[in-house]
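If you read the sequence shown in numbering that gives the first Met the number 0, its first letter stands for residue 0, the second for the next number, and so on. Right, one structure below, let's go through it.
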Amino acid sequence: MQRIVIRGGGELHGEIPISGAKNAALPLIAAGLLTAETLTLDNLPELADVGFMLGLVEQHGAALVRGPRHVEITAAEIASTTAPYDIVRKMRASVLVLGPLVARMGEARVSLPGGCAIGTRPVDLHLKGLEAMGAHIELADGYVHATAPKGLKGATIRFPFVSVGATENLLMAATLADGETVLDNAAREPEITDLALCLKAMGAEIEGIGTERLTVKGKASLHGARYSILPDRIETGTFAMAVGVAGGSVELVGARPDTLEDVIDVLDRCGVEAMATERGLRVKRNGHRVVGVDVMTQPYPGFPTDLQAQLMVLMATADGAAMITETIFENRFMHVPELARMGANVTVHGASALVRGVPRLKGAPVMATDLRASVGLVLAGLAAEGETVVNRIYHLDRGYERVEEKLRAVGADIRREAGE
Ligand code: UD1
Numbered sequence: 000m001q002r003i004v005i006r007g008g009g010e011l012h013g014e015i016p017i018s019g020a021k022n023a024a025l026p027l028i029a030a031g032l033l034t035a036e037t038l039t040l041d042n043l044p045e046l047a048d049v050g051f052m053l054g055l056v057e058q059h060g061a062a063l064v065r066g067p068r069h070v071e072i073t074a075a076e077i078a079s080t081t082a083p084y085d086i087v088r089k090m091r092a093s094v095l096v097l098g099p100l101v102a103r104m105g106e107a108r109v110s111l112p113g114g115c116a117i118g119t120r121p122v123d124l125h126l127k128g129l130e131a132m133g134a135h136i137e138l139a140d141g142y143v144h145a146t147a148p149k150g151l152k153g154a155t156i157r158f159p160f161v162s163v164g165a166t167e168n169l170l171m172a173a174t175l176a177d178g179e180t181v182l183d184n185a186a187r188e189p190e191i192t193d194l195a196l197c198l199k200a201m202g203a204e205i206e207g208i209g210t211e212r213l214t215v216k217g218k219a220s221l222h223g224a225r226y227s228i229l230p231d232r233i234e235t236g237t238f239a240m241a242v243g244v245a246g247g248s249v250e251l252v253g254a255r256p257d258t259l260e261d262v263i264d265v266l267d268r269c270g271v272e273a274m275a276t277e278r279g280l281r282v283k284r285n286g287h288r289v290v291g292v293d294v295m296t297q298p299y300p301g302f303p304t305d306l307q308a309q310l311m312v313l314m315a316t317a318d319g320a321a322m323i324t325e326t327i328f329e330n331r332f333m334h335v336p337e338l339a340r341m342g343a344n345v346t347v348h349g350a351s352a353l354v355r356g357v358p359r360l361k362g363a364p365v366m367a368t369d370l371r372a373s374v375g376l377v378l379a380g381l382a383a384e385g386e387t388v389v390n391r392i393y394h395l396d397r398g399y400e401r402v403e404e405k406l407r408a409v410g411a412d413i414r415r416e417a418g419e
């Protein structure tokens, strides 16, 4: 198993290119199953999760033509409507094939998902939505079996709370349903907007894009399209926090500041400058210590849960205290004991973590638990005195493209090596 070794203390200067968004790429690949024609995706990030998702749609019968940052997906025939345990257990987002398969084939069997170990993360909203659209759902042997022999029917679905995945699954399903579907209290994440715009390019009729109420008029079929995936706002926010942690000045090239307004506001409040540029976003911290600010994770446009661990690292060396409250996932503070090993002073009370800033973190061997926690530990290593070794980094490669190369290019002392 590989590990990442970091010697902290240096500032970051230069530029980092931002890749396509993982969380947009995954539903867009699933959307390839909705049509018999070719869906071409550009700006595709090179990540382990993208590889899993492509493997999954290939297994359902799609033909793939891959190029650098590019894939053509042609699901002329669906050879199998089963998403097997072996693939789904590696990545929770595999459940996103459920909506497209039932909508197109009237049937799907999808293993119940695993993925990051952050809380229980059920898929009940996905299933209730499909039921409201006329599907019959059975759970047996660890699989969800959804059937709709006469096809799905449009329905009005009001989500009791915001779910990114359920919104995406049902949005895709609705494009091929008979009649009109309304998704109320829908998630508004930029990745959902990206999916909706691609579905429109494929011939879907969707109104209310970017709002909490999506209205879809179902079509008998969709056609092929070419679509370029939006830049990753979580990767952007992660590198912005890295600059906050290490100091220096870095331009995040290709970033979309309009998808990060709340994050930029938090950075500003704690003393890290982030300014839109013609090419993306420039982030600076010169000399002074950051100050502690209280932050609560929220669905978009609020502060993203996927940047919570990175923010905690930034707050760990702040002047003063910060209260970080996680409202989206239970059990998403698994990085806390690892940060404590590096000298961070964090106390968890239920869904809130009180972070009392210390002047400096100290390098230590640490263990990565989930994707965002892993990158948080890398950031902590940048701020720490001495050497930090982040073990078990396979999570990191699921969501970050060549993270150590990108950080090394702006001056970080970081390398990947073979571990035990
Ligand atoms: C997506 C993102 C993930 C991000 C999360 C929240 C992808 C591939 N992943 O995950 O990186 O952290 O949004 O922004 O885009 N829930 C239920 N029942 C359901 C569905 C969800 O109870 O049927 C709960 C979850 O356990 C969680 C909350 O709702 O507590 C939000 O989850 P959701 O928005 O669905 O997250 P994902 O789509 O899994």
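C-beta atoms are modelled at their ideal positions from N, C-alpha and C, and glycine is treated no differently.
*Boundaries (first-last residue) of the beta strand (DSSP E) holding Ile205*: Looking up residue 205 in the sequence shown gives position 206. Residue range 204 to 206 is occupied by the beta strand (DSSP E) that includes Ile205.
*Flag Asn22 as yes when its Cβ comes closer than 8 Å to any non-hydrogen atom of the ligand UD1, and as no otherwise.*
Here the question's residue 22 lines up with position 23 in the sequence shown. Look at Asn22: its beta carbon is less than 8 Å from one of the heavy atoms in the ligand UD1.
*Give every residue of the same chain whose Cβ lies closer than 7 Å to the Cβ of Val292, excluding the five residues on either side of it in the sequence, and list them in chain order.*
As a working mapping, residue 292 is identified with position 293 in the sequence shown. Once the five neighbours on either side are set aside, the close Cβ partners of Val292 are Val265, Arg268, Cys269, Ala321.
*Evaluate the contact criterion for the stretch 148 to 164 versus the stretch 194 to 202: three or more CB pairs, one atom per stretch, below 8 Å.*
Fewer than three beta-carbon pairs drawn from the stretch 148 to 164 and the stretch 194 to 202 are found closer than 8 Å, and the two stretches are therefore not classed as touching.
*Between which two residues does the alpha helix (DSSP H) containing Asn184 stretch?*
Reading the sequence shown from its first residue, position 185 is the one you call residue 184. Asn184 -> no alpha helix (DSSP H), and no H or E assigned at all.
*Taking contact to mean at least 3 C-beta pairs separated by less than 8 Å, is the stretch 237 to 246 in contact with the stretch 53 to 62?*
Contact between the stretch 237 to 246 and the stretch 53 to 62 is absent: fewer than three C-beta pairs spanning the two stretches fall below 8 Å.
*asked:* Please tell me whether, using a cut-off of 8 Å, the distance from the CB of Arg359 to the nearest non-hydrogen atom of the ligand NAD is below it.
replied: Looking at this structure, you won't find the ligand NAD anywhere; what it does contain is the ligand UD1.
*Ala145: which of Val388, Leu100, Ser162 sits nearest, CA to CA?*
As a working note, residue 145 is residue 146 in the sequence shown. Taking only the C-alpha atoms, the option nearest Ala145 is Leu100.
*Can you give me the start and stop residues for the beta strand (DSSP E) that Asn344 sits inside?*
One-based indexing of the sequence shown puts residue 344 at position 345. Here the beta strand (DSSP E) through Asn344 covers 344 to 348.
*For Arg284, count neighbouring C-beta atoms within 10 Å of its own C-beta (all shown protein chains included) and say buried if the count is 16 or more, exposed if not.*
Counting from one through the sequence shown, the residue named residue 284 turns up at place 285. The residue in question, Arg284, is buried, as its Cβ has 16 or more Cβ neighbours within 10 Å.
*asked:* Can you tell me where the alpha helix (DSSP H) holding Tyr299 begins and where it ends?
replied: Taking the first residue of the sequence shown as position 1, residue 299 is located at position 300. For Tyr299, no alpha helix (DSSP H) encloses it, and the DSSP letter there is neither H nor E.
*asked:* Does the distance between the C-beta of Ile327 and the nearest non-hydrogen atom of the ligand UD1 fall short of 8 Å?
replied: Locating residue 327 in the sequence shown gives position 328, counting from the first residue. It does: the Cβ of Ile327 is within 8 Å (strictly closer) of some heavy atom of the ligand UD1.
*Should Leu198 be listed as close to the ligand UD1, given that the test is whether its C-beta is under 8 Å from any heavy atom?*
Within the sequence shown, residue 198 is the residue found at index 199, counting from 1. Leu198: no, Cβ never under 8 Å from the ligand UD1.
*asked:* Using the three-state DSSP reduction, which class does Val122 fall into: helix, strand or coil?
replied: In the sequence shown, counting from the first residue as 1, residue 122 sits at position 123. DSSP places Val122 in coil when its eight states are reduced to three.
*Specify whether the stretch 169 to 185 and the stretch 83 to 103 touch according to this definition: at least 3 beta carbon pairs, one from each stretch, less than 8 Å apart.*
They touch, by the three-pair rule.
*When you compare only the Cα positions, how much space is there between Val289 and Thr316?*
Taking the first residue of the sequence shown as position 1, residue 289 is located at position 290. Taking the first residue of the sequence shown as position 1, residue 316 is located at position 317. Here the alpha carbons of Thr316 and Val289 stand approximately 8 Å from one another.
*asked:* Give me, in chain order, the residues of the same chain whose beta-carbon lies closer than 6 Å to that of Phe238; leave out the 5 immediate sequence neighbours on both sides.
replied: The residue you call residue 238 lines up with position 239 of the sequence shown. Short of 6 Å from the beta carbon of Phe238, and not among the five residues preceding or following it, lie these beta carbons of its own chain, in chain order: Ile15, Leu251.
*Cβ-heavy atom distance between Ser162 and the ligand UD1 below 8 Å?*
The residue given as residue 162 occupies position 163 in the sequence shown. Yes, the Cβ of Ser162 comes within 8 Å of a heavy atom of the ligand UD1.
_beta strand (DSSP E) segment containing Lys216, residue limits_ = For this step, residue 216 is matched to residue 217 along the sequence shown. In the DSSP assignment, Lys216 falls within the unbroken beta strand (DSSP E) covering 212 to 216.
*Apart from the five residues just before and just after Thr235, which ones in its own chain have a Cβ nearer than 7 Å to its Cβ?*
Numbered from 1 along the sequence shown, position 236 holds the residue referred to as residue 235. Excluding sequence neighbours, Thr235 sits near Ile17, Leu251, Ala254, Leu259, Leu280.
_Integer Cβ distance of Val163 from Ala186, believed to fall under 8 Å_ = By one-based count along the sequence shown, residue 163 stands at place 164. By one-based count along the sequence shown, residue 186 stands at place 187. Right, their Cβ atoms sit about 5 Å apart.
*Can you tell me the Cβ-Cβ gap for Gln309 and Met366, rounded? I've got them flagged as a contact below 8 Å.*
In the sequence shown, the residue the question calls residue 309 occupies position 310. In the sequence shown, the residue the question calls residue 366 occupies position 367. Their Cβ separation, rounded to whole angstroms, is 17 Å, which puts Gln309 and Met366 out of contact at 8 Å.
*Can you tell me the Cα-Cα spacing of Gly362 and Arg391, whole angstroms?*
Your numbering for residue 362 matches position 363 in the sequence shown. Your numbering for residue 391 matches position 392 in the sequence shown. When the Cα atoms are used, Gly362 and Arg391 turn out to be separated by approximately 17 Å.
*Could you name the residues that DSSP lists as bridge partners for Arg355?*
Position 356 of the sequence shown holds residue 355. Answer is Ala320, Asn344, bridged to Arg355.
_Range of the contiguous alpha helix (DSSP H) that encloses Ile28_ = As a position in the sequence shown, residue 28 is number 29, starting the count at 1. For Ile28, the enclosing alpha helix (DSSP H) starts and ends at 21 to 30.
*Distance, Ala176 Cα to Leu221 Cα*: In the sequence shown, the residue the question calls residue 221 occupies position 222. In the sequence shown, the residue the question calls residue 176 occupies position 177. Using only the alpha carbons, I get a separation of about 11 Å.
*Residue environment, Val262, which counts as buried when at least 16 other CB atoms sit within 10 Å*: Within the sequence shown, residue 262 is the residue found at index 263, counting from 1. Classification for Val262: buried.
*asked:* Suppose the cutoff is 8 Å on Cβ atoms and the five residues either side in sequence are ignored; what does the same chain contact list for Val409 look like?
replied: The sequence position of residue 409 within the sequence shown is 410, counting from 1. Only Leu11, His12, Gly13, Glu14, Ile15, Gly247, Val249 meet the Cβ criterion.
*Can we count Val122 as close to the ligand UD1, meaning its CB is less than 8 Å from some heavy atom?*
Taking the first residue of the sequence shown as position 1, residue 122 is located at position 123. Answer for Val122: yes, Cβ within range of the ligand UD1.
_Does the stretch 323 to 332 come into contact with the stretch 294 to 301, if we say contact requires no fewer than three beta-carbon pairs (one atom in each stretch) closer than 8 Å?_
Verdict: yes, contact present.
*asked:* On a Cα-Cα basis, can you pick out the residue from Val49, Glu403, Ala29, Leu124 that is closest to Pro67?
replied: For the purposes of this step, residue 67 is identified with residue 68 of the sequence shown, where counting begins at 1. Taking only the C-alpha atoms, the option nearest Pro67 is Val49.
*Are the beta-carbon atoms of Arg225 and Asp41 separated by less than 9 Å?*
Start at 1 with the first residue of the sequence shown, and residue 225 comes out as number 226. Start at 1 with the first residue of the sequence shown, and residue 41 comes out as number 42. Against a cut-off of 9 Å, the Cβ pair of Asp41 and Arg225 comes out as a contact.
*Going by the C-beta, is Ala379 closer than 8 Å to any heavy atom of the ligand UD1?*
The residue you call residue 379 lines up with position 380 of the sequence shown. Checking the Cβ of Ala379 against the ligand UD1 gives no.
_His69 and Leu43 closer than 9 Å at C-beta_ = In the sequence shown, the residue the question calls residue 69 occupies position 70. In the sequence shown, the residue the question calls residue 43 occupies position 44. Between His69 and Leu43, the C-beta spacing is below 9 Å.
_Residue from Arg6, Ala147, Gly31, Glu188 whose Cα sits closest to the Cα of Thr166_ = Locating residue 166 in the sequence shown gives position 167, where the first residue counts as 1. Among Arg6, Ala147, Gly31, Glu188, the Cα nearest to that of Thr166 belongs to Glu188.
*Taking 8 Å as the cut-off, is the CB of His125 close to at least one heavy atom of the ligand UD1?*
For the purposes of this step, residue 125 is taken as the residue at position 126 of the sequence shown. Correct: His125 has its Cβ closer than 8 Å to the ligand UD1.
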